[in-house]
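Colleague: Got a structure here, written out as structure tokens. Questions coming.
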Amino acid sequence: MLRDITLGQYYPADSVVHKLDPRVKLFATMIYIIALFTFQGILGFAIITGMLIFMIKISKVPFSYIVKGLKAIVVLLLITAVFNLVFTPTGTEYWHWGPFHLTSTGIMNAVLMTIRLIYLIIGTSLMTLTTTPNQLTDGLEKALSPLNRIHIPVHAIAMMMSIALRFIPILIEETDKIMKAQMARGADFEDGNLIQKAKSMVPLLIPLFVSAFRRADDLAMAMEARCYSGGEGRTKMKPLRYQGTDRKAYVILIAFLVLVIVARVLLRWPQ
Amino acid sequence: MGIIKAKNVVHEFFRRDEEGNVESITTALDHVNLDVKAGQFIAILGHNGSGKSTLAKHINALLTPTEGVIWVDGMDVLDEDNTIPIRKTAGMVFQNPDNQIIASVVEEDVGFGPENIGVPTEEIWTRVNQSLEAVDMVKYRKHSPNKLSGGQKQRVAIAGVVAMEPKCIVFDEPTAMLDPNGRKEVIATAHDLNKKKGVTIILITHYMEEVVDADYVYVMEKGKIVMDGTPRDIFSRVDELKEHRLDVPQATLVADELRSAGVPIPQGILTRKELVDAIMSVANA
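Chains E and B are the protein sequences, given in the same order. Residues 1 to 271 (the UniProt record's numbering) make up the first sequence, in order. Residues 1 to 285 (the UniProt record's numbering) make up the second sequence, in order.
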């Protein structure tokens with residue numbers, strides 16, 4: 001049940017995108033999100049679609065694998081689309097009933113919002129699919145290192161993130177074990193209404209928390225025994241260094257953003 | 001002076017109530033003396049609550065003595081400036097393999113220790129390669145630790161300690177959570193490190209079979225060292241061991257029972273092979 005979570009999973013492949021520096025990919029995702037919410041008109045849309053298809057192609061991640069990730073947000077998509085569809089009062093009105101309107105702008109907004117959300121998920125999941133969690137935290141640590149100057153413990157935050165990621169499968173396994181142990185003694189996690197179900201989670205959560213704290217304690221001791229004393233004076237086994245392709249990628253990204261903005265200025269049709 | 005020397009070490013755990021008043025004091029170590037020479041393979045035996053894990057944590061400066069002194073390679077554990085050098089000298093492998101692996105890739109975990117002590121990048125890679133080779137885990141270097149068996153995980157943890165190139169490694173019940181195969185793997189790795197790299201090993205355990213090959217054995221109970229000697233010496237005192245609620249290796253037990261039944265079998269039998277040989281020589285005589 002808990003094993004089905006596919007969000008943020010790494011898809012191992014040997015591609016240019018996989019080899020890019022994680023900082024480039026973080027920057028790219030940011031640029032992509034900005035582009036997605038600034039574009040207007042068919043031309044901008046075409047540029048973004050082109051870029052997305054190009055990225056998926058060179059990342060060597062199968063398209064069907066990416067689409068699978070969309071399943072998780074179908075409900076969210078539907079709600080957003082319906083709300084945009086019936087609650088936009090402006091534009092040419094085709095039909096209305098009480099507070100509900102069906103207008104040309106409403107249809108436009110619904111379509112646009114759905115496309116934006118789908119593109120958003122596909123684009124960002126492309127980053128997590130091509131970057132291992134460790135690379136991601138390394139990239140974040142390096143990219144955010146200027147924040148150290150204003151006393152934000154960037155290294156500690158990155159370390160916590162990577163430890164959390166390491167312990168997710170262990171804690172999931174543990175939950176499974178506790179659940180089975182409780183079920184063997186007659187606990188019922190399936191039946192009953194929502195409140196009863198929530199109540200039945202309590203005997204699951206308490207042992208899980210206790211064990212998580214115990215693990216944290218053990219791990220802290222093991223880290224100390226291995227001379228861990230924070231980020232200072234630490235060297236890196238896999239230091240991040242920009243390569244030629246990383247620089248090219250930055251140029252392409254900036255060009256992409258400029259193009260999207262130019263397209264917005266030149267051709268705003270439709271809307 | 002040996003690499004590890006403990007003199008009259010006392011450690012007390014205080015249990016405090018909400019106002020901070022001491023409710024009760026548990027003496028986990030009671031005037032413990034220890035002298036370990038470099039290159040030795042030492043075993044510390046004892047059942048749960050005998051204070052053996054507390055002693056282990058003292059050698060690594062994770063705990064400091066309430067009374068008495070410990071020197072690790074000549075460094076006093078009570079001096080806080082010595083903490084990091086002591087941890088570089090005496091590495092530690094813990095009981096639960098899951099709770100001591102930090103990274104999600106085997107080789108990155110092995111590199112964690114060297115990263116902490118500021119080893120340059122190129123040298124980290126050499127050390128990681130050598131340590132993985134020493135524990136025979138090279139082919140799993142890119143794997144996620146979650147997909148390894150208990151024994152393999154424990155070997156990764158050992159590699160992580162070896163990569164820091166300590167003179168001494170303390171194994172705190174490294175096999176308690178493993179299956180028999182995993183146990184053999186880990187103990188064999190410890191012996192291997194002792195023989196090939198000359199690392200001083202301190203093995204803390206409650207499995208008798210694991211101490212048979214040690215150079216010297218300490219037996220602990222209620223925070224005190226109650227017996228010490230070579231394994232052969234210790235295991236010939238079967239009655240005393242039973243008093244301390246410790247098991248004796250099966251072969252030793254059979255030999256002892258035979259002896260008390262009148263069969264002339266010599267003292268100090270540890271392995272099955274020795275037992276078979278002894279019985280055969282009695283039968284032939």
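Glycine residues also receive a C-beta, built at the ideal position from the N, C-alpha and C atoms.
So that I know if they touch, is there some Cβ in chain E lying closer than 8 Å to that of residue 290(B)?
Modeller: A question about residue 290(B) goes unanswered here, because the residues of chain B that appear run from 1 up to 285.
Colleague: Rounded to the nearest angstrom, what separates A176(B) and Q154(B) at their Cα positions?
Modeller: Residue numbering aside, residue 176(B) sits at position 176 when the second sequence is read from its first letter. Residue numbering aside, residue 154(B) sits at position 154 when the second sequence is read from its first letter. The straight-line gap from Cα to Cα measures roughly 11 Å.
Colleague: Which first and last residues belong to the beta strand (DSSP E) in which E12(B) is found?
Modeller: Walking along the second sequence from the start, residue 12(B) turns up at place 12. Taken as a continuous stretch (DSSP letters only), the beta strand (DSSP E) holding E12(B) covers I4 to R16.
Colleague: Measuring alpha carbon to alpha carbon, tell me which of I107(E), A143(E), I79(E) and K19(E) ends up nearest M30(E).
Modeller: Position 30 of the first sequence, counted from the start, is the residue given in the question as residue 30(E). M30(E) has its Cα closest to that of A143(E), out of I107(E), A143(E), I79(E) and K19(E).
Colleague: Tell me the DSSP secondary structure of A283(B) in three-state form.
Modeller: Locating residue 283(B) in the second sequence gives position 283, counting from the first residue. Note: A283(B) maps to helix in three-state DSSP.
Colleague: Can at least three beta-carbon pairs, one atom from the segment 75 to 83 of chain B and one from the segment 146 to 162 of chain B, be found at a separation below 8 Å?
Modeller: The segment 75 to 83 of chain B is not in contact with the segment 146 to 162 of chain B.
Colleague: Can you find at least 3 beta carbon pairs, one from the segment 41 to 60 of chain B and one from the segment 20 to 33 of chain B, that sit closer than 8 Å?
Modeller: yes
Colleague: Thinking C-beta only, is L45(B) closer than 8 Å to V219(B)?
Modeller: What you label residue 219(B) is simply residue 219 of the second sequence in a count that begins at 1. What you label residue 45(B) is simply residue 45 of the second sequence in a count that begins at 1. In contact: V219(B) and L45(B) (Cβ atoms closer than 8 Å).
Colleague: For the candidate residues K139(B), D76(B) and K88(B), whose alpha-carbon lies nearest to that of L170(B)?
Modeller: Mapped onto the second sequence, residue 170(B) falls at position 170. For the record, residue 170(B) in the displayed sequence is Val; it is not Leu. Of K139(B), D76(B) and K88(B), the residue nearest in Cα terms is K88(B).
Colleague: Within the same chain, show all residues whose beta-carbon is closer than 7 Å to that of F14(B), passing over the 5 residues directly before and after it, in chain order.
Modeller: Against the second sequence, residue 14(B) aligns to sequence position 14. Correct list, in chain order: V22 and I25.
Colleague: Quick one: which unbroken alpha helix (DSSP H) runs of 4-plus residues sit fully inside the segment 23 to 77 of chain E? Chain order, please.
Modeller: 41 to 59 and 63 to 68
Colleague: Counting contacts by CB-CB distance shorter than 8 Å, is residue 294(B) in contact with chain E?
Modeller: This structure cannot speak to residue 294(B), because chain B is shown only from 1 to 285.
Colleague: Is the distance from the Cβ of R245(B) to the Cβ of L270(B) below 8 Å?
Modeller: The sequence position of residue 245(B) within the second sequence is 245, counting from 1. The sequence position of residue 270(B) within the second sequence is 270, counting from 1. Their beta carbons are not under 8 Å apart, which means R245(B) does not touch L270(B) by this criterion.
Colleague: Per DSSP, which residues does W97(E) bridge with? Please list them.
Modeller: Mapped onto the first sequence, residue 97(E) falls at position 97. Beta-bridge analysis with DSSP links W97(E) to F100(E).
Colleague: When you compare only the Cα positions, how much space is there between A193(B) and V186(B)?
Modeller: Counting from 1 along the second sequence, the entry for residue 193(B) is found at position 193. Counting from 1 along the second sequence, the entry for residue 186(B) is found at position 186. A small fix is needed here, since residue 193(B) is Leu in this sequence, not Ala. Looking at the two C-alpha atoms, the distance is approximately 11 Å.
Colleague: Between which two residues does the beta strand (DSSP E) harbouring D138(E) extend?
Modeller: For the purposes of this step, residue 138(E) is identified with residue 138 of the first sequence, where counting begins at 1. Looking at the DSSP string, D138(E) is not in any beta strand (DSSP E); the run it does join, the alpha helix (DSSP H), is P133 to A143.
Colleague: Would you identify the three-state DSSP class for E19(B), choosing helix, strand or coil?
Modeller: Taking the first residue of the second sequence as position 1, residue 19(B) is located at position 19. Here E19(B) sits in coil by DSSP.
Colleague: Measuring only between beta-carbons, confirm whether A225(E) sits less than 8 Å from chain B.
Modeller: For the purposes of this step, residue 225(E) is identified with residue 225 of the first sequence, where counting begins at 1. Judged by the 8 Å Cβ criterion, A225(E) is in contact with chain B.
Colleague: According to the neighbour-count rule (16 or more other Cβ atoms, all chains shown, within 10 Å of its Cβ), is S64(E) buried or exposed?
Modeller: Start at 1 with the first residue of the first sequence, and residue 64(E) comes out as number 64. Its Cβ having fewer than 16 others within 10 Å, S64(E) is exposed.
Colleague: Taking the alpha-carbon positions, what's the M227(B) to I234(B) distance?
Modeller: Taking the second sequence and counting its residues from 1, the one referred to as residue 227(B) is at position 227. Taking the second sequence and counting its residues from 1, the one referred to as residue 234(B) is at position 234. Distance between the alpha carbons of M227(B) and I234(B): 7 Å.
Colleague: Assign S104(B) to buried or exposed, taking buried as 16 or more other Cβ atoms, counted over all protein chains shown, within 10 Å of its Cβ.
Modeller: Position 104 of the second sequence holds residue 104(B). S104(B) should be labelled buried.
Colleague: Which same chain residues end up closer than 8 Å to Y250(E) when comparing Cβ atoms and leaving out the 5 residues on each side of it in sequence?
Modeller: Translated into positions along the first sequence, residue 250(E) becomes position 250. Excluding sequence neighbours, Y250(E) sits near V24 and F27.
Colleague: With DSSP run on the structure shown, which of helix, strand or coil describes Y119(E)?
Modeller: For this step, residue 119(E) is matched to residue 119 along the first sequence. Note: Y119(E) maps to helix in three-state DSSP.
Colleague: What residues from the segment 226 to 242 of chain E come within 8 Å of chain B, judged by C-beta to C-beta, listed N to C?
Modeller: Hits within the stretch, in order: R226, C227, Y228, S229, G233, R234, T235, K236, M237, K238 and P239.
Colleague: Tell me whether D256(B) sits in a helix, a strand or coil according to DSSP, three-state version.
Modeller: Here residue 256(B) refers to the residue found at position 256 of the second sequence. Three-state DSSP puts D256(B) in a helix.
Colleague: When the Cα of V36(B) is compared with those of D109(B), C168(B) and V156(B), which residue comes out closest?
Modeller: Counting from 1 along the second sequence, the entry for residue 36(B) is found at position 36. Nearest of D109(B), C168(B) and V156(B) to V36(B), Cα basis: C168(B).
Colleague: With respect to the alpha helix (DSSP H) encompassing G111(B), which residues constitute its N-terminal and C-terminal limits?
Modeller: The sequence position of residue 111(B) within the second sequence is 111, counting from 1. Unbroken alpha helix (DSSP H) run through G111(B): V106 to N116.
Colleague: Could you tell me which chain B residues have their CB closer than 8 Å to the CB of N134(E), listed as they occur along the chain?
Modeller: In the first sequence, the residue the question calls residue 134(E) occupies position 134. Those are A103, S104, V105 and E108, listed as they occur along chain B.
Colleague: Would you list the one or two residues that DSSP bridges to E67(B)?
Modeller: The sequence position of residue 67(B) within the second sequence is 67, counting from 1. DSSP, once it has assigned bridges, lists V10(B) as partnering E67(B).
Colleague: Taking one C-beta from the segment 244 to 263 of chain E and one from the segment 36 to 54 of chain E each time, how about it: are there three or more such pairs within less than 8 Å?
Modeller: The segment 244 to 263 of chain E vs the segment 36 to 54 of chain E: in contact.
Colleague: In whole angstroms, what is the alpha-carbon distance linking A283(B) and D215(B)?
Modeller: Translated into the one-based positions of the second sequence, residue 283(B) becomes position 283. Translated into the one-based positions of the second sequence, residue 215(B) becomes position 215. Rounded to the nearest angstrom, the gap between the Cα atoms of A283(B) and D215(B) is 31 Å.
Colleague: So is R166(E) buried or exposed if we call it buried at 16+ other beta carbons inside 10 Å?
Modeller: Within the first sequence, the letter at position 166 stands for residue 166(E). Per the 10 Å Cβ criterion, buried.
Colleague: Could you check if P99(E) is buried or exposed, using at least 16 other CB atoms within 10 Å of its CB as the buried criterion?
Modeller: Translated into positions along the first sequence, residue 99(E) becomes position 99. Exposed.
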